[in-house]
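Visitor: Here the sequence shown stands for residues 1 to 169, numbered as in the UniProt record's numbering. Okay, handing you the structure first.
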Amino acid sequence: PCRPTVIRNNIRAIHNIVCRSSALSSRPVVKNSPFTIVPLINNQPQGIRLYTTHNENVDFEIVQRIVKENDTDYTLLDVREPGEVMQGFIPSAINIPLSKMLPAWTMSSEEFEEEFGFKRPKEDDKIIVYCQAGIRSNNAANFLREIGYKNILNYPGSYADYVDKSSQA
């Protein structure tokens, strides 16, 4: 994990490397790094965003196969809010909004089942997390990994990608 002191000490250096090596776009990105950096204003980096990325990602084809084959080896976990889910969801998905992730994993099994209507996934279950566009699902996947879940996959294209590609099929 990155420490704030290390981040602060390296932000300007990373920014310089990115700006010199990229086409100076308005949002240069350091590949394979937990940073997104925008240009300096008054010699201060602006819009620095720290996030964690993992290579444990799945794409539309994998999700579509799981749905079409009704593959019960995987749990599709939708972390969008209920109002978003009402507009549509990936078939067979369960919903635990990101805003309820911490309380969901601190309540008893009985409370969990009463609250969500299904049993809490086990630590060794294969779980694919998705949201609307991939940001919340990445956060939820990281949370689940941090609390001991071993088989967490993120669908970074998420629901928007699923709807787009499903309509093309």
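A virtual CB, placed ideally from N, CA and C, is assigned to each residue, including glycine.
Keeping to the same chain, check which residues put their C-beta closer than 6 angstroms to that of K165; ignore five residues upstream and five downstream.
Guide: F60
Visitor: What's the C-alpha gap between N57 and L153?
Guide: Straight-line Cα distance between these residues: approximately 5 angstroms.
Visitor: Looking only at its own chain, which residues have a Cβ that is under 6 angstroms from the Cβ of A23, when we skip the five neighbours before and after it?
Guide: Residue confidence for A23 is low, a pLDDT of 39 falling below 50, so the modelled location carries little weight and cannot support an answer.
Visitor: Using the rule of at least 16 other Cβ atoms within 10 Å of the residue's Cβ for burial, across every protein chain shown, is R65 buried or exposed?
Guide: exposed
Visitor: Are the CB atoms of D125 and T75 nearer to each other than 9 angstroms?
Guide: In contact: D125 and T75 (Cβ atoms closer than 9 angstroms).
Visitor: Mind checking which residues open and close the alpha helix (DSSP H) that includes Y162?
Guide: Segment 158 to 168, the alpha helix (DSSP H) holding Y162.
Visitor: Tell me which residues share the same chain as F116 and place their Cβ nearer than 8 angstroms to its Cβ, disregarding the 5 neighbours each side in the sequence.
Guide: I94, N95, I96, A104
Visitor: Can you tell me which of the three DSSP states V79 falls into?
Guide: Here DSSP, grouped into helix, strand and coil, assigns V79 to coil.
Visitor: For K68, does the three-state DSSP call read helix, strand or coil?
Guide: helix
Visitor: From C131, R136, P91, pick the residue whose C-alpha is nearest to that of D71; which is it?
Guide: P91
Visitor: When the Cα of A160 is compared with those of Q132, M101, E110, which residue comes out closest?
Guide: Q132
Visitor: Can you give the Cα-Cα distance for E81 and F112, rounded to whole angstroms?
Guide: 17 angstroms
Visitor: Just how far apart, CA to CA, sit L77 and Y130?
Guide: Near 6 angstroms, if we compare the C-alpha coordinates of Y130 and L77.
Visitor: Considering Cα atoms alone, identify which of N139, V163, K122 is closest to N151.
Guide: K122
Visitor: Taking the C-alpha atoms as reference points, what is the distance between residue 211 and S108?
Guide: Within the shown structure, residues of the chain are numbered from 1 to 169, placing residue 211 beyond reach of any answer.
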